[in-house]
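*Asks:*
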Amino acid sequence: MIKLFNTLTGKKEEFVPLHPGKVTMYACGVTVYDYSHLGHARGAVAFDLIQRYFRRKGFAVKYVRNFTDVDDKIINRAHEEGITPAEVARKYIEAYQTDMRRLGVGKADIEPKATEHIPEMIEVIKGLLAKGHAYVVDGDVYYRVSSFKDYGRLSKRNLDDLKAGARVEVDDRKIDPLDFALWKASKPGEPAWESPWGPGRPGWHIECSAMGFKHLGETFDIHAGGKDLVFPHHENEIAQSEGYSGKPFVHYWLHNGFVNINAEKMSKSLGNFFTIREILDQYDAEIVRLFLLSTHYRSPIDFSDANLKDARAGLDRFYRMKESLKKFLSGKTPPPVKPEEVIEAAARPLYEKILNLPHAFEEAMDDDFNTAFAIGIVYDLVRDVNKYLAEIDQKREDAAYIILSTALEAFNNVGETLGLFVRDPEEWFQEGRRMDSKVTMSVEQIEEYIGLRNEARQRKDWAEADRIRKVLDEGGIELFDRPDGTAWKPK
RNA sequence: GGCGGCGUAGCCAAGUGGCUAAGGCAGAGGUCUGCAAAACCUUCAUUCAUCGGUUCAAAUCCGAUCGCCGCCUCCA
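Remember, this note's numbering sits 21 above the position in the first sequence when you count from 1.
1) The beta strand (DSSP E) spanning Glu239 covers which residue range?
2) Sort Phe88, Lys43, Glu452 and Tyr265 by Cα distance to Tyr340 and report the nearest one.
3) Would you mind listing the beta strand (DSSP E) stretches within the segment 413-464 that are 3+ residues and don't spill past its ends, in chain order?
4) DSSP beta-bridge partners for Asn277?
5) Would DSSP call Thr30 helix, strand or coil?
6) At what residues does the alpha helix (DSSP H) containing Arg63 begin and finish?
7) What residue from Leu70, Ser320, Lys184 and Trp204 has the CA that sits closest to Val126's CA?
8) Give the straight-line distance between the Cα atoms of Lys33 and Val66, rounded to the nearest whole angstrom.
9) How long is the line joining the alpha carbons of Glu263 and Asn433, rounded to whole angstroms?
10) Note the first and the last residue of the continuous beta strand (DSSP E) segment covering Phe88.
11) Quick one: using the 10 Å Cβ neighbour count with 16 as the cut-off for buried, is Trp449 buried or exposed?
12) Using DSSP bridges, identify the partner residues of Trp225.
13) Return the chain-ordered list of same chain residues with a C-beta closer than 7 Å to the C-beta of Met342, the five sequence neighbours on each side being excluded.
14) Between Pro38 and Asp242, is the Cβ-Cβ spacing less than 7 Å?
15) Let's see if you can read the secondary structure: which residues bound the beta strand (DSSP E) around Ile143?
16) Below 7 Å between beta carbons: does that hold for Thr427 and Ile375?
17) Could you give the distance in angstroms between the alpha-carbon of Asn257 and the alpha-carbon of Ser351?
18) Buried or exposed: which applies to Asn277, given that a residue is buried once 16 or more other Cβ atoms fall within 10 Å of its Cβ?
19) What is the DSSP secondary structure of Gly13, counted as helix, strand or coil?
20) Taking just the CA atoms, how far does Ala81 sit from Asp419?
21) Could you say if the segment 242-252 and the segment 127-136 meet the contact criterion of at least three C-beta pairs nearer than 8 Å?
22) Is the beta carbon of Ile114 less than 7 Å from the beta carbon of Val158?
23) Name the DSSP beta bridge partners of Lys205, please?
24) Could you have a look at His380 and say whether DSSP puts it in helix, strand or coil?
25) Residues bridged to Trp483 by DSSP?
26) How should Ser345 be labelled, buried or exposed, when 16 other C-beta atoms within 10 angstroms of its C-beta is the threshold for buried?
27) Where does Asp92 land, buried or exposed, given buried means 16+ other C-beta within 10 angstroms?
28) Span of the beta strand (DSSP E) holding Met46?
29) Buried or exposed for Pro209, going by 16 or more other Cβ atoms inside 10 Å?
30) Just to confirm, are Gly50 and Phe88 a CB contact at a threshold of 7 Å?
31) Using a Cβ distance threshold of 8 Å, determine whether the segment 459-473 contacts the segment 482-496, with at least three qualifying pairs required.
32) Give me the DSSP bridge partner(s) of Glu35.
33) Count the other CB atoms, across all protein chains shown, that sit within 10 Å of the CB of Phe169; report buried if there are 16 or more and exposed otherwise.
34) Considering only DSSP beta bridges, list what Tyr340 is partnered with.
35) Three or more beta-carbon pairs under 8 Å between the segment 390-397 and the segment 317-337, yes or no?
36) Can you name, in chain order, every residue of its own chain whose Cβ lies under 7 Å from the Cβ of Tyr409, other than the five neighbours on each side?
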């Protein structure tokens with residue numbers, strides 16, 4: 022049983038799908054007028070993982086994530102760059118896809134663009150007009166907020182509160198300052214589509230309603246987005262969609278917390294943001310993923326170098342264990358025995374725990390997708406396995422094989438869902454070398470030094486060996502003498 | 001001003017009524033090692049912002065206070 026926190030009710034609830042075995046899910050994507058920043062990455066990673074998790078649990082998922090490709094900011098950007106709004110949108114959609122691929126965020130089943138759903142939006146607006154939920158002024162169409170009795174239910178405000186705090190620019194043409202645009206008459210030079218109200222373009226909120234309707238139906242299971250979309254975007258979506266269809270729009274509303282910088286929201290307007298690609302140039306994507314998943318998706322998460330370094334240290338540890346497991350298992354074949362025949366009593370609890378790992382992982386994830394706890398469980402596995410490995414000499418070979426191969430399987434099993442530690446350990450450590458800019462030597466140089474140092478070590482010339490190590494150390498390289506040779510990595 | 005959230009160790013972070021307050025990073029001591037590193041072992045919050053209250057029992061529920069943040073305007 023999956024429980025999830027529903028913004029609509031303010032409670033953690035059991036997930037009951039509209040149709041047994043199926044999940045329909047919509048996540049608000051990005052407005053494509055610039056490179057996406059880490060805040061966008063957080064929502065994308067969280068909701069991608071959530072839909073992936075539903076699949077793991079056997080649901081047939083239909084996941085929709087849209088692109089808002091018509092908007093004031095896109096138009097402004099087009100003027101700045103001297104290209105058309107469509108070109109701006111195309112450029113940043115492509116950039117977004119690249120960023121997502123690097124982050125290990127899969128493509129959604131459907132990635133609709135607003136500009137490809139204008140007729141659907143016009144249909145919804147017509148319906149709203151017919152039902153008295155909207156009105157036309159000079160080629161603009163506005164939603165009449167007072168006509169929708171549940172307005173404010175999602176964001177838990179009432180109309181009086183909103184009016185009291187309204188900072189909205191007063192537009193005399195609107196009946197109520199809270200009314201919002203469904204359709205905007207276009208100014209000369211702006212993108213425009215024909216409509217019953219004259220040439221214009223859709224308002225922001227109507228896009229998601231129309232695209233949700235088209236691809237998921239008038240009622241669907243889950244709608245997700247950043248916390249900042251609760252009001253007004255999602256509130257308005259509900260008003261439009263339910264005003265139009267007369268049916269409940271969405272059963273579960275999920276909202277992710279912000280990425281903060283020094284405890285402040287990362288945002289365009291504050292200018293305190295890092296684009297995804299800037300960060301990925303400094304840190305491996307998997308580090309960013311682990312960092313993002315180490316905190317529950319609804320909580321704020323503070324971006325800092327120290328936190329990214331922690332994530333990196335964690336991944337090093339995961340991959341070191343994976344490396345040890347693979348090393349032990351390589352060249353060996355499964356013993357033709359039953360686990361219960363060879364695993365000694367002392368190792369039974371460990372074996373049981375390892376077998377249970379995917380289940381323990383699911384228990385954590387079932388509880389509102391508690392990735393932080395889930396990752397904690399995997400750290401437990403690392404400690405247990407390392408401990409076992411440290412005493413491997415005293416173990417029966419066939420029992421060890423069974424226990425460690427089961428551990429590797431369990432580790433890979435949860436890793437696949439999390440999108441973590443799925444690479445080959447060798448590749449991971451190799452990647453770590455490449456990513457680090459502090460290294461001032463070439464690989465050839467480093468290996469030459471290591472060779473010289475090992476010769477010195479053979480002669481037991483410790484002074485010379487230490488001197489070479491110091492030279493490498495100053496070049497940003499750290500050495501480890503292992504039984505099977507000397508390894509290195511950037512500090 | 002209205003509405004909402006948060007405050008758990010040096011840092012990050014789970015835990016929302018009851019077993020010893022997960023886990024990670026950093027630190028300390030030890031095993032191993034030529035020395036290191038890694039790994040392993042031990043250690044590291046009688047206490048959950050503060051003060052009251054409810055309860056047999058509270059980090060968890062209620063109230064007040066302090067501090068931080070978000071939304072109310074485009075925002076993931």
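Ideal Cβ placement from N, Cα and C applies to all residues, glycine included.
*Replies:* The structure says:
1) Here residue 239 refers to the residue found at position 218 when the first sequence is read from its first residue. No beta strand (DSSP E) holds Glu239; DSSP gives it neither H nor E.
2) To locate residue 340, count along the first sequence from 1; it is residue 319. The shortest Cα separation from Tyr340 among Phe88, Lys43, Glu452 and Tyr265 belongs to Glu452.
3) If we require 3 residues or more, the segment 413-464 turns out to have no beta strand (DSSP E) run fully inside it.
4) In the first sequence, the residue the question calls residue 277 occupies position 256. Answer is Gly247, bridged to Asn277.
5) For the purposes of this step, residue 30 is taken as residue 9 along the first sequence, with counting starting at 1. In the three-state reduction of the DSSP assignment, Thr30 falls in the coil class.
6) Sequence index remark: in the first sequence, residue 63 carries index 42 (1-based). Leu59 to Arg77 is the span of the alpha helix (DSSP H), which, as asked, contains Arg63.
7) What you label residue 126 is simply residue 105 of the first sequence in a count that begins at 1. Ranking Leu70, Ser320, Lys184 and Trp204 by Cα distance to Val126 puts Leu70 first.
8) Position 12 of the first sequence, counting from 1, holds the residue named residue 33. Position 45 of the first sequence, counting from 1, holds the residue named residue 66. Cα to Cα, Lys33 sits roughly 21 Å from Val66.
9) Walking along the first sequence from the start, residue 263 turns up at place 242. Walking along the first sequence from the start, residue 433 turns up at place 412. About 43 Å.
10) Translated into positions along the first sequence, residue 88 becomes position 67. In this chain, the beta strand (DSSP E) harbouring Phe88 covers Ala81 to Thr89.
11) Within the first sequence, residue 449 is the residue found at index 428, counting from 1. Its Cβ being crowded by 16 or more others within 10 Å, Trp449 is buried.
12) Mapped onto the first sequence, residue 225 falls at position 204. In DSSP, Trp225 forms no bridge with anything.
13) On the first sequence, residue 342 is found 321 positions in, with the first residue counted as 1. So the qualifying residues of the chain are Val403, Val406 and Asn407.
14) Here residue 38 corresponds to residue number 17 of the first sequence, with the count starting at 1. Here residue 242 corresponds to residue number 221 of the first sequence, with the count starting at 1. Between Pro38 and Asp242, the C-beta spacing is below 7 Å.
15) What you label residue 143 is simply residue 122 of the first sequence in a count that begins at 1. Note, Ile143: premise wrong, no beta strand (DSSP E); alpha helix (DSSP H) at Ile139 to Ala151.
16) Position 406 of the first sequence, counted from the start, is the residue given in the question as residue 427. Position 354 of the first sequence, counted from the start, is the residue given in the question as residue 375. Yes. Within cutoff.
17) As a working note, residue 257 is residue 236 in the first sequence. As a working note, residue 351 is residue 330 in the first sequence. Distance between the alpha carbons of Asn257 and Ser351: 58 Å.
18) Counting from 1 along the first sequence, the entry for residue 277 is found at position 256. Buried is the call here.
19) Shown here, the chain extends from 22 to 512; a query on residue 13 therefore has no answer.
20) Taking the first residue of the first sequence as position 1, residue 419 is located at position 398. Taking the first residue of the first sequence as position 1, residue 81 is located at position 60. CA-CA distance, Asp419 to Ala81, rounds to 40 Å.
21) Proximity of the segment 242-252 to the segment 127-136 falls short of the contact definition, fewer than three beta-carbon pairs being nearer than 8 Å.
22) The sequence position of residue 114 within the first sequence is 93, counting from 1. The sequence position of residue 158 within the first sequence is 137, counting from 1. Result no, Cβ atoms of Ile114 and Val158 do not sit closer than 7 Å.
23) Your numbering for residue 205 matches position 184 in the first sequence. Answer is Arg222, bridged to Lys205.
24) Residue 380 sits at position 359 when you count from the first residue of the first sequence. Helix at His380.
25) For this step, residue 483 is matched to residue 462 along the first sequence. For Trp483, no pairing in a beta bridge is given by DSSP.
26) Position 324 of the first sequence, counted from the start, is the residue given in the question as residue 345. By the Cβ-count criterion, Ser345 is buried, with 16 or more other Cβ atoms from all chains shown falling within 10 Å of its own Cβ.
27) Position 71 of the first sequence holds residue 92. By the neighbour-count rule (16 or more Cβ atoms within 10 Å), Asp92 is buried.
28) Within the first sequence, residue 46 is the residue found at index 25, counting from 1. Element bounds for Met46: Lys43 to Thr52.
29) Residue mapping note: residue 209 aligns to position 188 of the first sequence, counting from 1. By the neighbour-count rule (16 or more Cβ atoms within 10 Å), Pro209 is not buried but exposed.
30) Here residue 50 refers to the residue found at position 29 when the first sequence is read from its first residue. Here residue 88 refers to the residue found at position 67 when the first sequence is read from its first residue. Contact flag set, yes.
31) Using a Cβ-Cβ distance cut-off of 8 Å, the segment 459-473 and the segment 482-496 are in contact, since at least three pairs of beta carbons, one from each stretch, lie closer than that value.
32) Indexing the first sequence from 1 puts residue 35 at position 14. Answer is Lys24, bridged to Glu35.
33) Counting from 1 along the first sequence, the entry for residue 169 is found at position 148. Residue environment for Phe169: buried (at least 16 other C-beta atoms within 10 angstroms of its C-beta).
34) The count along the first sequence starts at 1 and reaches residue 340 at position 319. The secondary-structure analysis by DSSP pairs Tyr340 with nothing; it has no beta-bridge partner.
35) Because the criterion of three Cβ pairs below 8 Å is met, the segment 390-397 and the segment 317-337 touch.
36) On the first sequence, residue 409 is found 388 positions in, with the first residue counted as 1. Excluding sequence neighbours, Tyr409 sits near Leu371 and Ile424.
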